[in-house]
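**Student:** Numbering (the UniProt record's numbering), first residue to last: 1 to 102.
Using N, Cα and C, we set each Cβ at its ideal position, and we do this for glycine too.
Here it is, the structure, as structure tokens.
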């Protein structure tokens, strides 16, 4: 599935759907940040060959929502739980990339 790009007020909001083949499998990326640090949730690593890489997730993307939850004030631990709780092993992310310009 290809990423769907939509232009928001910031010019860089996009929705990315990631699929895991096994429930114990990761989503192919790591995050940093959280409300306990006074910052949002950002992608810090994208694993080569992962679904995250194939769908266009990039280091520096800010995750602003996932699985119908807004990430404006979540802790790092809460973000990990929200990203990995999807029953159908699919997480829908809206990320704001510093690299996406229109």
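Quick check: the Cα distance between residue 6 and residue 21, rounded to an integer number of angstroms?
**Tutor:** Residue confidence is low: residue 6 scores 35 on pLDDT, short of 50, so the model does not pin down where it sits. No coordinate-derived value is stated.
**Student:** Should residue 61 go down as buried or exposed, given a rule of 16 or more other Cβ atoms within 10 Å for buried?
**Tutor:** buried
**Student:** Which of helix, strand or coil does DSSP assign to residue 2?
**Tutor:** Because the pLDDT at residue 2 is just 33, under 50, the model does not fix this residue reliably, and the value given afterwards should be weighed accordingly. Residue 2 falls in the coil class under three-state DSSP.
**Student:** Report the partner residues of residue 95 according to the DSSP bridge assignment.
**Tutor:** Note: residue 95 sits in a beta bridge opposite 14 and 63.
**Student:** The beta strand (DSSP E) with residue 30 in it runs from where to where?
**Tutor:** 29–34
**Student:** With a Cβ-Cβ cutoff of 8 Å, do residue 16 and residue 57 count as a contact?
**Tutor:** With respect to residue 57, residue 16 sits close: the two C-beta atoms are nearer than 8 Å.
**Student:** Looking at the structure shown, is residue 77 part of a helix, part of a strand, or coil, going by DSSP?
**Tutor:** helix
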